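For reference, the structure is listed below as structure tokens.
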Amino acid sequence: MELDKKLIGHTFKPFTTTVEAGKIRLFCKAIGEEDPIYSDEAAAKAAGYRGVTAPLTFLRALQADDPNKGGLLRLLNVDIGLILHGEQHFEYFAPVVVGDKVTCQEKVVDIYDKKGGALWFVVQVMEMKDQTGKLVAKGRGVTVVRNPDAAKK
Amino acid sequence: MTTIPKFDQVKVGDALKPLVLPPVSRHQLALYCGGSGDHNPIHVDLDFAKKFGFKDVFAHGMLSMAFLGRLVTSYAPNNKVRKLGTRFTSITWVGDVITVSGKITGKREENGEKLIDLEVKCTNQNGQDTLQGNATVAAA
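These protein sequence lines map, in sequence, to chains A and B. Going by numbering that gives the first Met the number 0, the first residue of the first sequence is number 0, and it counts up by one from there. Going by numbering that gives the first Met the number 0, the first residue of the second sequence is number 0, and it counts up by one from there.
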């Protein structure tokens, strides 16, 4: 298996998703987060937020709302069982709250291998803008692809 | 409610109050699968995980990163967090007991804003780091 470095620079089709209270509630249950700013509008407003707020890493859950989800794996022609998450970084410019319509745009910025091609690394950046067009966050993720051919050697 | 850290009172080397979590359970991974929209079966379907060479299902990296987020937002309010990033350095298995810890690594001013830099990490019951991350928060 070898990933095509010509895919560096590939830009995915942007999509827009609405931040939903129920999704944040389930996310918080899963991670054990109980701060009421993530569930109660009055508490969030009292704490200075516009509304029920998204936890910091919920941005990645918004990314998963992509109607063309799995686009990276299809682009690379890689099975989902072979990938691991190598790195994730977020920069926050403004909080995202329930009701916001967030537009996400992802791009592949690097592809490289280590250990003689046993592991491949795909670096993606993401920009998130709210309904006013304001940049609210940037993400940078590294997906690691385990080369199944390397394991057979 | 988390209060804004006071720049003058913060010292480099100060430790955050650690977060000791209950053991990671299969139920938690199922909840996170639904809650995060990351439906990769490797985290919830044992047959699938074994087919790809793993002994068991394992936690989503982003579940552990959410724990880093919980620690950081216990130190500074959500709307004061400027950056959060991590490397996923080893796999978190079902049953692992994760401790989330952090310390202050720097204080600086940028564009008129007082900033505090933090090192944050997740460590398992064997003392092995599973996530090595960092964060930047704005102070008062």
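Backbone N, C-alpha and C define an ideal beta-carbon position, used for all residues, glycine too. Computed from a predicted structure; not experimentally measured.
Strictly by DSSP, which residues pair up with residue i?
i                : result
Ala14 (chain B)  : B:Lys102
Thr52 (chain A)  : A:Val96
Cys121 (chain B) : B:Val99, B:Leu130
Ala181 (chain A) : The structure shown does not extend to residue 181 (chain A), since chain A is modelled only from 0 to 152, so the question has no answer here.
His84 (chain A)  : A:Thr142
Lys82 (chain B)  : A:Glu90, B:Thr135
Asp112 (chain A) : A:Trp119
Ile115 (chain B) : B:Lys106, B:Val136
Val9 (chain B)   : DSSP lists no partner for Val9 (chain B).
Thr10 (chain A)  : A:Lys106
Thr16 (chain A)  : A:Val101
Val56 (chain B)  : DSSP, once it has assigned bridges, lists no residue as partnering Val56 (chain B).
Phe87 (chain B)  : B:Leu130
By the 10 Å Cβ neighbour count, where 16 or more other Cβ atoms means buried, how is residue i classified, buried or exposed?
i                : result
Ile79 (chain A)  : exposed
Gln123 (chain A) : buried
Met0 (chain B)   : exposed
Leu130 (chain B) : buried
Ser24 (chain B)  : exposed
Lys82 (chain B)  : buried
Pro17 (chain B)  : exposed
Leu6 (chain A)   : exposed
Asn123 (chain B) : buried
Thr15 (chain A)  : exposed
Val108 (chain A) : exposed
Arg107 (chain B) : exposed
Asp148 (chain A) : exposed
Asn162 (chain B) : Residue 162 (chain B) cannot be examined here, being either before or after the span of chain B that is shown, 0 to 139.
Asn125 (chain B) : exposed
Val99 (chain B)  : buried
Rounded to whole angstroms, what is the Cα-Cα separation between residue i and residue j?
i                : j                : result
Phe11 (chain A)  : Gln8 (chain B)   : 45 angstroms
Val56 (chain B)  : Lys49 (chain B)  : 8 angstroms
Phe87 (chain B)  : Leu81 (chain A)  : 16 angstroms
Pro21 (chain B)  : Gln127 (chain B) : 17 angstroms
Val121 (chain A) : Pro94 (chain A)  : 28 angstroms
Trp119 (chain A) : Lys4 (chain A)   : 11 angstroms
Gly138 (chain A) : Lys106 (chain A) : 10 angstroms
Val51 (chain A)  : Pro66 (chain A)  : 24 angstroms
Ala136 (chain A) : Ala60 (chain A)  : 13 angstroms
Ala41 (chain A)  : Gly98 (chain A)  : 15 angstroms
Asp46 (chain B)  : Glu109 (chain B) : 50 angstroms
Gly101 (chain B) : Phe51 (chain B)  : 34 angstroms
Lys128 (chain A) : Arg49 (chain A)  : 16 angstroms
Thr56 (chain A)  : Gln87 (chain A)  : 10 angstroms
Asp64 (chain A)  : Pro13 (chain A)  : 11 angstroms
Ile97 (chain B)  : Gly33 (chain B)  : 21 angstroms
Val77 (chain A)  : Asp39 (chain A)  : 41 angstroms
Gln130 (chain A) : Pro76 (chain B)  : 23 angstroms
Gly12 (chain B)  : Gly31 (chain A)  : 27 angstroms
Ala29 (chain B)  : Gly111 (chain B) : 44 angstroms
Have a look at the options and flag the residue whose alpha-carbon is nearest the alpha-carbon of residue i.
i                : options                                : result
His9 (chain A)   : A:Leu72, A:Ala60, A:Leu83, A:Gly47     : A:Leu72
Thr102 (chain A) : A:Leu2, A:Val18, A:Glu1                : A:Val18
Ile115 (chain B) : B:Asn133, B:Asn125, B:Asp37            : B:Asn133
Ala45 (chain A)  : A:Cys27, A:Gly69, A:Pro35              : A:Pro35
Met125 (chain A) : A:Val77, A:Glu33, A:Lys22, A:Gln104    : A:Gln104
Gly69 (chain A)  : A:Asp148, A:Asn146, A:Pro147, A:Thr142 : A:Thr142
Val136 (chain B) : B:Lys120, B:Val71, B:Met61             : B:Val71
Glu1 (chain A)   : A:Leu134, A:Lys114, A:Gln130           : A:Lys114
Ser89 (chain B)  : A:Glu90, A:His84, A:Tyr91, A:Phe92     : A:His84
Ala65 (chain B)  : B:Gln27, B:Ile3, B:Thr2, B:Glu112      : B:Gln27
Tyr91 (chain A)  : A:Gln62, A:Ile23, A:Leu58, A:Tyr111    : A:Leu58
Gly116 (chain A) : A:Val144, A:Val96, A:Lys100, A:Phe89   : A:Val144
Lys133 (chain A) : A:Cys27, A:Lys100, A:Asn146            : A:Lys100
Gly47 (chain A)  : B:Thr91, B:Asn78, B:Gly94              : B:Asn78
Leu117 (chain B) : B:Leu62, B:Leu67, B:Ala139             : B:Leu67
Lys10 (chain B)  : B:His42, B:Leu62, B:Met61, B:Thr104    : B:Thr104
Lys120 (chain B) : B:Pro4, B:Val19, B:Ala138              : B:Val19
Using the beta-carbon of each residue, which ones in chain A are nearer than 7 angstroms to residue i?
i               : result
Gln27 (chain B) : Ala29
Asp37 (chain B) : Ala63
Just the chain B side, please: which residues come within less than 7 angstroms of residue i by C-beta, in chain order?
i               : result
Arg73 (chain A) : By Cβ distance, chain B contributes nothing, its closest Cβ being about 14 angstroms from Arg73 (chain A), past 7 angstroms.
Thr52 (chain A) : Asn77
Pro94 (chain A) : Asn77, Asn78
Against residue i, what residues of chain A qualify as contacts under a CB-to-CB distance less than 8 angstroms, listed in chain order?
i               : result
Leu83 (chain B) : Leu55, Thr56, His88, Phe89, Tyr91
Lys5 (chain B)  : Ordered by position in chain A, no residue passes the 8 angstroms Cβ test against Lys5 (chain B), which lies about 17 angstroms from the chain.
Which residues of chain A have a Cβ atom closer than 9 angstroms to the Cβ of residue i, listed in chain order?
i                : result
Thr129 (chain B) : Chain A residues near Thr129 (chain B): none, gap ~12 angstroms exceeds 9 angstroms.
Val71 (chain B)  : Leu55
Residues of chain B with CB under 8 angstroms from residue i, in chain order?
i                : result
Gly85 (chain A)  : Arg86, Phe87
Ala41 (chain A)  : None at all; the shortest Cβ gap to chain B is about 13 angstroms.
Ala149 (chain A) : Ordered by position in chain B, no residue passes the 8 angstroms Cβ test against Ala149 (chain A), which lies about 12 angstroms from the chain.
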